[in-house]
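For reference, the structure is listed below as structure tokens.
Number of protein chains: 2
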Amino acid sequence: MLAAVLTVYVAPAAAGSGIPEVKAYLNGVDAPNIFSLRTLIVKVVGCIAAASSSLHVGKAGPLVHTGACIASILGQGGSRKYNMTCKWLRYFKNDRDRRDLVTCGSAAGIAAAFRAPVGGVLFALETVSSWWRSALLWRAFFTTAIVAVVLRALIDFCKSGKCGLFGTGGLIMFDVTADYVSYHLVDLPPVVTLGVFGGILGSLYNFLLDKVLRLYNFINEKGKTYKLLLAATVTVCTSCCLFGLPWIASCKPCPTDTQEACPSIGRSGNFKKFQCAMSEYNDLASLFFNTNDDTIRNLYSAGTDDEFQISSILVFFVASYFLGIFSYGLALPSGLFVPVILTGAAYGRLVGMLIGSESTLDHGLFAVLGSAALLGGSMRMTVSVCVIILELTNNLLMLPLVMLVLLISKVVADAFNANVYDLLVRLKGFPHLEGYAEPYMRQLSVSDVVTGPLLTFNGIEKVGHIVHVLKTTGHNGFPVVDEPPFSGSPTLYGLILRYHLLVLLRKKDFIRSCTASNLNASKHFSHDEFAKRGSGKHDCIEDIELCAEELEMFVDLHPFTNTSPYTVLETMSLAKALILFREVGLRHVLVLPKSSERAPVVGILTRHDFMPEHILGLHPSLFKSRWKKVRLGKLKVANIC
Amino acid sequence: MLAAVLTVYVAPAAAGSGIPEVKAYLNGVDAPNIFSLRTLIVKVVGCIAAASSSLHVGKAGPLVHTGACIASILGQGGSRKYNMTCKWLRYFKNDRDRRDLVTCGSAAGIAAAFRAPVGGVLFALETVSSWWRSALLWRAFFTTAIVAVVLRALIDFCKSGKCGLFGTGGLIMFDVTADYVSYHLVDLPPVVTLGVFGGILGSLYNFLLDKVLRLYNFINEKGKTYKLLLAATVTVCTSCCLFGLPWIASCKPCPTDTQEACPSIGRSGNFKKFQCAMSEYNDLASLFFNTNDDTIRNLYSAGTDDEFQISSILVFFVASYFLGIFSYGLALPSGLFVPVILTGAAYGRLVGMLIGSESTLDHGLFAVLGSAALLGGSMRMTVSVCVIILELTNNLLMLPLVMLVLLISKVVADAFNANVYDLLVRLKGFPHLEGYAEPYMRQLSVSDVVTGPLLTFNGIEKVGHIVHVLKTTGHNGFPVVDEPPFSGSPTLYGLILRYHLLVLLRKKDFIRSCTASNLNASKHFSHDEFAKRGSGKHDCIEDIELCAEELEMFVDLHPFTNTSPYTVLETMSLAKALILFREVGLRHVLVLPKSSERAPVVGILTRHDFMPEHILGLHPSLFKSRWKKVRLGKLKVANIC
């Protein structure tokens, strides 16, 4: 409830895992408040509260968001709102550095969550980021190296147990070194089976999650009370589940050859007593009544084939699968990673038990492979999950099997639906720009999707006109055109940003007549004024007050215009324009006319012009051909085979 | 000699490691014959011969080249020259798929060389490739997963020792699991020292390698006999070194508590007898008289602090350092990776011995860290080297230390010179396009670097003119402009490639008069004719014979023109044009005029226009400002501090 109240009343942006928001940000979509100080605090406190309430949520996603938040706040030089600013950090005030910092921050998040520094880098590379440079790779590596060194130092420091649960883990969370190293060609069929069903279960997970989130969105829209009620209901149900389900499991006698205390009473341990007699234990309670980490460790451990009953594992798997789906959409910080790993481990053990003596593999190995299969099926990551699992379990010898399972489950699941993060991004309505062009885009040219009247400014423009345009439109970029007498014929001079116009208007550095000024602009403005602002509240045109006289004056836009905008011809294929837009990472592309008789610029392309909804809205006939293309493509493939 | 003779007389492209060639290819530079079947065969045979001659060369680089070769030959559907073609593979006949295949092939090479599937993917990503897509990541992962599964199956199959040296290794080449896990904060200073000197030694390695290669190039240019003589000289010197140096080491008495035979006589083993008495061994001979793999394993092994004398390690380190530098430039397949790992291991042990009792770390751990330091200092890879070392040694617990050492050595070495592959690419004269713009490019606009008269074709062009232009220039792309009466004013129609023009001329599908034809082009041509050709011999204009009558006819270029070329305005900043060129992966960019009164296209930018040599040749004054900028930049940083 603490987590839900904080999230609902203080920082609604802290709900969920935060990975979709970070992914969208790195794609160029700046959702409000996702990186504010307030969100950061609520995320940290809420995540602790949610995880400790035994809700079936993870902490990896919130840690990624936390890392990204810290990076963004550092990048903007502190929080202006709370008067905590730091001057030397102002050199990061541009899009690219901010983006790099956030990428490194999210890498650090995964590195901290799983103590997997290399996995963190790869996660940021594979899942979160949309652009990647070689320099960024090694900056992210630097970040996670620091995380690793700090983690290792803290583990050293906490060895004596003075840091609660933290010190006991060691650098490898679920160490299975040198266990179950033996497998042969005959073990391939069960592993392939595991991968196939993992893929199916993973895509089903995404499908159900999508449906449940739509339902939750419907409820949450009704008001804050409904949000709290929903969170409370699910928490109570979860607790009932956790406490009620172990009653249906029968007690098992303690094994005689174990070194652990049995039954164990206290925090961790494989043998929970629950309702059983003194020399017995309840295996289902052992799974439910542990922290997620301990449960995963128990499931992964080797030589424990007889410790669990098949019915208990089945109940745990089903409960974990659905609790994970129902817990994610609540209005509190919650991750998906750990629930999926946990569910996957149970799934793997279940498959191992069902296959029984057909395979010589240890059930612990099946659990690890099951986690890989479900992660591959739901998140569709390959290299990063592989390395994360490697760093979690510290057993390289099973690498070939993990890779195989991941590939199979990913391929199977890709046949059904998209990965869970793409799904969440779409559900949140972010205009995420994909890196590839849809087939129907090849049939269109740029001029087919440019809509609306184009608003341009003259090189020396009347203040009143600028104010009017800024007040009546929401555009963020305007072409600047030089008309006679300043040039022979109308000529494109460049592109000016809304934000820079606001700075000009606020400064009131106007001229009286429509003639070229020889003002040295750099004298009046410092480059800091045009630097990228933080994620806080932005200036808006309504805040700037100008008198009637000022409105009649002029302003020289030339010194403040970007004279090198990227351009395309109006006959350019839309698919190729998308590649330019996406690969170079643009916000505006100017559209030039084919024939020289027309205006020097005929349109402006933004992210929204590339959205399928926009294009298919303008050209509904393509919607049919879109599917025809797909079908034709499949037919072609069939012919080749 | 076999390797050198094969390389010199059969396939000169097989010399060296091949990684620079693959890197240049993936950047868009197509060097002749690098992926031919002949090169592949010579590479494989030559690599075996060179490695078994006890020359100080590695096999990882040649394996990368081998993987890339196989990928490229598969991609072009076999070898036309040797009549081994396969029809269904023709779907890969385009730039992008070919590039993806070669990337996957080079990932497979590293995966096979070090049995490091994840390391292979990361190596391809970090070092070899210039562009990267999410889809490519998982295709490369798929490739290396297959490599891992096949390797694992072969190891299983070869367990009984029927495959020579291969079966004995196991999946982890230098397994050090669970050895030397203990380190604390006090061990940081020695590790940092190791990293700093590793960086210095690594950059010195690159510097010396550069000088030696320039000398070798000078000798090699004199003729084939000189090449063979050079290779023979270095081989004889190496053998003398290997056999002569152990004489200077004193004999050590065999340890009493070892499980191994001592002295060992035979293939592997830590205790070589050499010239010593029966119960003694020569530690330097143990290092020199083993395969590289065994030597590395010996140096990495824990609990062997007393096995080696400091003088032996020092001699071995110096010998290995310089033999590595002198062996690389010979005319035979040779890698850099393994020599650097080996030298680094000796360097690490040496540092460990020099530090002595100041540090509690095992000398085996120092050897591993030394390898990381020298790799970081010479190759400047971070994530991939980290993962490769992890996969070689299977010890996750030292990950924080490895990361730290890599970072320090990379940062230190970056202060001195570029990484070894960039250096080799530059030495070979490939026009490699960097991903970032040099500062002086920001001062130039596109029109400043466009040179030479622009050659354009009309939409319907006279055959004779095309033939003349193709014969007199080497350009690969020509703008197509529609003039009146086909359009109101001269209008840019698109870009046509030299290769497509050659296909048109060969087909002789001409028209008699200069009027628009209503021929349906697709009837006369199959798309296969315009597909990207393999790396074999290309058509050239001299091979096409046309009679005088045909030269007077016309050809309609419209159906064969790319109507969506990427364009920039002539006032565009050169730095931004470079980003477009590089990020989108282009070969030609058309330059449009700013004012509409001029011709519809004023120039064409290619890779060569972005080369620093070209730009600084045109604008020598920038050469000064280039350095001024750097100095100013440093000054600015100093001011801030």
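Quick note, the sequences are listed as chains X and W, same order. Under this note's numbering, the first sequence has 455 at position 455, and the numbering climbs by one with no breaks. Under this note's numbering, the second sequence has 295 at position 295, and the numbering climbs by one with no breaks. Even for Gly, the Cβ is constructed at its ideal location relative to N, Cα and C. Given the structure is predicted, the values throughout are model-derived calculations rather than measurements.
Leaving out five residues before and five after residue i in sequence, what residues of the same chain have Cβ atoms less than 6 angstroms from its Cβ?
i: alanine 4 of chain W; result: Leu228, Ala231, Ala331 and Leu332
i: serine 264 of chain W; result: Phe271
i: lysine 224 of chain W; result: Val8
i: serine 250 of chain X; result: none
i: isoleucine 219 of chain W; result: Tyr226 and Leu230
i: proline 12 of chain X; result: none
i: cysteine 276 of chain X; result: Cys251 and Asn282
i: histidine 642 of chain W; result: This structure gives no information on residue 642 of chain W, because the portion of chain W shown stretches from 1 to 641.
Give the interface partners of residue i over in chain W, defined as CB-CB distance under 9 angstroms, in chain order.
i: methionine 572 of chain X; result: Thr563, Ser564, Pro565, Tyr566 and Thr567
i: cysteine 276 of chain X; result: Near cysteine 276 of chain X there are no residues of chain W at all, since even the closest Cβ is about 36 angstroms away, more than 9 angstroms.
i: asparagine 394 of chain X; result: Thr177, Asn394, Asn395, Leu396 and Leu397
Along chain X, in chain order, which residues have C-beta atoms closer than 9 angstroms to that of residue i?
i: asparagine 458 of chain W; result: By Cβ distance, chain X contributes nothing, its closest Cβ being about 17 angstroms from asparagine 458 of chain W, past 9 angstroms.
Tell me residue i's beta-bridge partners as DSSP assigns them.
i: valine 589 of chain X; result: X/Leu605
i: leucine 612 of chain W; result: It is worth fixing the name first, because residue 612 of chain W is proline in this sequence and not leucine. Answer is none; proline 612 of chain W lacks a bridge partner.
i: glycine 58 of chain X; result: X/Gly335
i: phenylalanine 530 of chain X; result: Paired residues: none, contrary to the question.
i: isoleucine 511 of chain X; result: X/Phe554
i: asparagine 562 of chain X; result: X/Leu495
i: threonine 304 of chain X; result: The partner list for threonine 304 of chain X (beta bridge, DSSP) is empty, contrary to what the question assumes.
i: serine 573 of chain W; result: W/Ser445
i: glycine 16 of chain X; result: X/Pro333
Can you list the residues of chain X that residue i reaches, using a CB-CB cut of under 8 angstroms?
i: arginine 152 of chain W; result: Pro400
i: lysine 594 of chain W; result: Thr491 and Leu492
i: valine 121 of chain W; result: Val383
i: serine 203 of chain W; result: Here the premise fails: no neighbours, minimum Cβ distance about 16 angstroms.
Cβ closer than 7 angstroms: which chain X residues qualify as neighbours of residue i?
i: glutamate 583 of chain W; result: Glu583 and Val584
i: leucine 578 of chain W; result: Residues of chain X passing the Cβ test: none, with the nearest at roughly 11 angstroms.
i: asparagine 419 of chain W; result: In chain order: nothing, as chain X lies at least about 10 angstroms away.
Leaving aside the five residues before and after residue i along the sequence, list all residues of the same chain whose C-beta is less than 8 angstroms from its C-beta, in chain order.
i: leucine 502 of chain W; result: Leu470, Asp539, Cys540, Ile541 and Ile544
i: proline 612 of chain X; result: Glu438
i: threonine 491 of chain W; result: Val481, Asp482 and Pro600
i: leucine 586 of chain X; result: Tyr566 and Leu580
Cβ closer than 7 angstroms: which chain W residues qualify as neighbours of residue i?
i: histidine 184 of chain X; result: Asp156
i: alanine 148 of chain X; result: Leu399, Pro400 and Met403
Taking C-beta pairs closer than 8 angstroms, name the residues in chain W that residue i reaches, listed in chain order.
i: threonine 143 of chain X; result: Those within 8 angstroms of threonine 143 of chain X in chain W number zero; the least Cβ separation is about 10 angstroms.
i: arginine 498 of chain X; result: Chain W residues near arginine 498 of chain X: none, gap ~21 angstroms exceeds 8 angstroms.
i: serine 134 of chain X; result: Glu126 and Gly435
i: proline 600 of chain X; result: Ser596
Please identify the residue among the options whose C-alpha is closest to the C-alpha of residue i.
i: methionine 403 of chain W; options: W/Gly376, W/Gly488, W/His500 and W/Asp95; result: W/Gly376
i: lysine 410 of chain X; options: X/Leu399, X/Leu392, X/Gly429 and X/Met379; result: X/Met379
i: leucine 423 of chain W; options: W/Asp482, W/Asn298, W/Lys211 and W/Arg582; result: W/Lys211
i: serine 334 of chain X; options: X/Ser54, X/Leu6, X/Pro62 and X/Pro32; result: X/Pro62
i: valine 234 of chain X; options: X/Phe322, X/Glu260, X/Phe174 and X/Thr295; result: X/Phe322
i: isoleucine 310 of chain X; options: X/Ser621, X/Gly105, X/Lys252 and X/Arg498; result: X/Lys252
i: phenylalanine 141 of chain W; options: X/Ile466, X/Gly488 and X/Leu399; result: X/Leu399
i: alanine 112 of chain W; options: W/Val150, W/Leu354, W/Phe457 and W/Ala346; result: W/Val150
i: glycine 474 of chain X; options: X/Glu461, X/Leu454, X/Thr291 and X/Asp509; result: X/Leu454
Cutting at 7 angstroms between CB atoms, please list the residues of its own chain near residue i, excluding the five before and the five after it.
i: cysteine 237 of chain X; result: none
i: isoleucine 579 of chain W; result: Ala437
Next item on the list: Note down, one range per segment and in chain order, each beta strand (DSSP E) of at least 3 residues found wholly within the region 233-300 of chain W.
Entry: none
Next item on the list: Kindly provide the ranges of any alpha helix (DSSP H) runs that are 4 or more residues long and lie completely inside the region 379-462 of chain W, ordered along the chain.
Entry: Scanning the region 379-462 of chain W for uninterrupted alpha helix (DSSP H) segments of 4 residues or longer gives 383-393, 399-414 and 420-427, listed from N- to C-terminal end.
Check: Considering only residues of the region 471-508 of chain X, which uninterrupted alpha helix (DSSP H) runs meet the minimum length of 4 residues and lie entirely inside it, listed in chain order?
Finding: 498-507
Checklist line | Whole runs of the alpha helix (DSSP H) within the region 106-137 of chain X, excluding any shorter than 4 residues | finding: 117-123
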